[in-house]
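Peer 1:
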Amino acid sequence: MRRADKEGQLATRAVQVTFLLALIGLWYLAATRWHVSPLLLPNPVPVWDDFWDILRTGEFLGDLRVTLTELAAAFAISASCGVITGYFISRSQYRIRVLEPLFAGIYSIPIILFLPLYILFFGLGPASKIALGATISFFPIALNTIAGFGYVDRVFVVAARSMGASDYQMFRYVLLPAALPIILTGMRIGFTVALLSIIGSEAIASLAGLGHRIVHLAEAMEMTRMFAYIAFVVAIAAILNTLVSSLERRAGRVR
Amino acid sequence: MTEVAIRITGVSHQFGEQGDARAVRALRDTSLDISRGELICLIGPSGCGKSTLLNIMGGLLAPTTGKVEVFGKGVAGPMPRDIAFVFQENSLFPWNTVLENVELGMVFQGVPRAQREERSRRSLEAVGLKDFAHHYPAQLSGGMRQRAALARALSLETGILLMDEPFGALDEQTRMILGEDLSVLLSRTDKTIVFVTHSLGEATFLADRVAVFSARPGTVKELIAVDEPHPRKPGFVTSEKFTTIRNRLYGLLHDEIKKSMAETALTGGADK
Chain A
17 MRRADKEGQL ATRAVQVTFL LALIGLWYLA ATRWHVSPLL LPNPVPVWDD FWDILRTGEF
77 LGDLRVTLTE LAAAFAISAS CGVITGYFIS RSQYRIRVLE PLFAGIYSIP IILFLPLYIL
137 FFGLGPASKI ALGATISFFP IALNTIAGFG YVDRVFVVAA RSMGASDYQM FRYVLLPAAL
197 PIILTGMRIG FTVALLSIIG SEAIASLAGL GHRIVHLAEA MEMTRMFAYI AFVVAIAAIL
257 NTLVSSLERR AGRVR
Chain B
10 MTEVAIRITG VSHQFGEQGD ARAVRALRDT SLDISRGELI CLIGPSGCGK STLLNIMGGL
70 LAPTTGKVEV FGKGVAGPMP RDIAFVFQEN SLFPWNTVLE NVELGMVFQG VPRAQREERS
130 RRSLEAVGLK DFAHHYPAQL SGGMRQRAAL ARALSLETGI LLMDEPFGAL DEQTRMILGE
190 DLSVLLSRTD KTIVFVTHSL GEATFLADRV AVFSARPGTV KELIAVDEPH PRKPGFVTSE
250 KFTTIRNRLY GLLHDEIKKS MAETALTGGA DK
């Protein structure tokens, strides 16, 4: 059973890798055989060279530091505010009824449209990116915290109460473990949307950061290097996602 | 004269506010004395308030009128030192192993660690689950989960056990075996047990007395004694005595169920 599982997983991975390789193959063919303009689609081979050049020289460090600092600050704000607000709302059926649909509604609008407003308030620097990232990632975290704490199976609460659980024990041994996996999922989603909105807003209006760098290269028509940076951001995003997912799984197990 | 463990005096209960069209009278003017060490089964049509009465006895629900005394003390909230519950199903915490589930109740009551280990080991052994202490509830069958829930309740070493259709979700065979095991278990303790069930056979097999409820708003319509010592043998099921009592219960219930169904059809079926 275990072994079959593992083999199945390996096969899935193989299909995924093949798909990505095929995509790169198509890219290569398009750039070399099908005469797509190098301004639109540069040859992947020099892109690969540039990618290594960026890694080797470490020129990415400054921009990466800016983006990651913004991400960390935004996530710290949204995670703490989201969990506290969500918990507070979840303690009353009335508050759930009023605020949950409201939050879900706000979450469904593209908050990034308010970026100009954020820039007016917080300037072109990191502060506006942090504020926007925190706003956008606040909602999935708060909503999942509400769902986690607000819909704990009643039988668990009644059982614990019948056994004499105090308020603290109810929270520590029943509500928290019941809600934790859902909250962690909210945090993972929040982290992802924070990353997306921060890089996105850097690309729209900023002074530094990975998104800024990519747009800057595009404006200078340095398409090969721009693609190399895009590949770099994709790699960073993949690494961060893997990290956060594994943290989610690990934290979910300790409860 | 046997000691009274639970005294129920004039208990009524209504869900929802007075005057609200959706208010449901679940129980009316119910009085019942349950003696120490007896197993009493509450049986009646769906929605007759037998589970409501159980929750009121356990202090999980305050009655609209009337009062309940447990060992002479008025019930005003959960009494975890005197009363343990076994719920219908899935009341084990899925994030804890069987052992952790059993220990948690004792953690809530501040039982010291060494004692917790001893008591959980003993109660898991009593229900035949000592080899499954480190399994999670999802890894167990429904019957085993209910055994674990029973072990959790036993480990609290309360004088009273309230069981709300504990085997209700299990298949007939598992139910029978669990019933036999429960009877054996009981013969070794002097616990007072109130057992809510739908099953006539289960009630007859387990109970010292069966309280038959009328249709909603329910009250105890009749008390039937089952004069047969615990532990009860499997052969009891096929005995003349068993059949007579079971048929008697069937007769009593039949009218009430008809009444309750007529009412359900009329009101479009409110839940219990």
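The listed protein sequences correspond, in order, to chains A and B. Here the first sequence is numbered in the numbering used here, starting from 17 and rising by one per residue. Here the second sequence is numbered in the numbering used here, starting from 10 and rising by one per residue. Glycine residues also receive a C-beta, built at the ideal position from the N, C-alpha and C atoms.
(1) Given a cut-off of 8 angstroms on the beta-carbon distance, is the pair I15 of chain B and T201 of chain B in contact?
(2) For R111 of chain A, collect the residues of the same chain with a Cβ closer than 8 angstroms to its Cβ; drop the 5 residues on either side in sequence, then sort them by chain order.
(3) Under 7 angstroms from any heavy atom of the ligand FAD, does the C-beta of I105 of chain A make it?
(4) In the DSSP assignment, the alpha helix (DSSP H) including C50 of chain B goes from what residue to what residue?
(5) Is the stretch 239–256 of chain B close to the stretch 61–72 of chain B, with three or more CB pairs under 8 angstroms?
(6) Hey, out of A:L223, A:G227, A:R266, whose CA is closest to V250 of chain A's CA?
(7) For Y189 of chain A and chain B, any beta-carbon pair shorter than 8 angstroms?
(8) Could you spell out the range, first to last residue, of the alpha helix (DSSP H) harbouring A5 of chain A?
(9) Between the Cα of F119 of chain A and the Cα atoms of A:F91, A:F67, A:I152, which residue gives the shortest distance?
(10) Quick check on L48 of chain B - is its C-beta less than 8 angstroms from some C-beta in chain A?
(11) Please work out which residues of its chain come closer than 8 angstroms, Cβ to Cβ, to T201 of chain A, disregarding the five sequence neighbours upstream and downstream, and give them in chain order.
(12) Here's a check: name, in chain order, each residue in its chain whose Cβ is nearer than 6 angstroms to the Cβ of G177 of chain B, leaving out the five neighbours to either side.
(13) I'd like to know if V174 of chain A contacts chain B, where contact means its C-beta is closer than 8 angstroms to some C-beta of that chain.
(14) Under three-state DSSP, which class holds I125 of chain A?
(15) Would you kindly work out how many angstroms separate the C-alpha atoms of V61 of chain B and G98 of chain A, rounded to a whole number?
(16) Check whether the Cβ atoms of L41 of chain B and D217 of chain B lie closer than 8 angstroms to each other.
(17) Under the three-state reduction of DSSP, which class applies to Q185 of chain A: helix, strand or coil?
(18) Buried or exposed: W68 of chain A, going by 16 or more other Cβ atoms within 10 Å of its Cβ?
(19) So the alpha helix (DSSP H) R37 of chain B belongs to, where does it begin and stop?
(20) Starting from the N-terminal side, write out each stretch of the alpha helix (DSSP H) that is 4 residues or longer and does not extend beyond the stretch 191–217 of chain B.
(21) For L108 of chain B and S217 of chain A, what's the separation of their Cα atoms in angstroms?
(22) Beta carbons nearer than 7 angstroms to chain A: which residues of the stretch 103–136 of chain B have them?
(23) Step through the CB atoms of chain B and report whether any lies within less than 8 angstroms of the CB of Q185 of chain A.
(24) Taking all protein chains shown into account, do 16 or more other C-beta atoms lie within 10 angstroms of the C-beta of A90 of chain A, making it buried, or fewer, making it exposed?
(25) Whose Cβ in chain A lies nearer than 8 angstroms to the Cβ of P89 of chain B?
Peer 2: Taking the definition as stated:
(1) yes
(2) F104, I105
(3) As presented, the structure is devoid of all ligands, the ligand FAD included, so that no description of it is given.
(4) Per DSSP, C50 of chain B belongs to no alpha helix (DSSP H); it is in the beta strand (DSSP E), 48–52.
(5) no
(6) A:G227
(7) yes
(8) Past the boundaries of the shown model lies residue 5 of chain A; chain A is included only from 17 to 271, so the question cannot be answered.
(9) A:I152
(10) no
(11) N160, E264
(12) Q97
(13) yes
(14) coil
(15) Correcting the residue identity first, residue 61 of chain B is Thr in this sequence and not Val. Roughly 38 angstroms separates the two Cα atoms.
(16) no
(17) helix
(18) exposed
(19) Per DSSP, R37 of chain B belongs to no alpha helix (DSSP H); it is in the beta strand (DSSP E), 33–44.
(20) 209–215
(21) 51 angstroms
(22) W104, L113, G114, F117, Q118
(23) yes
(24) buried
(25) S178, M179, G180
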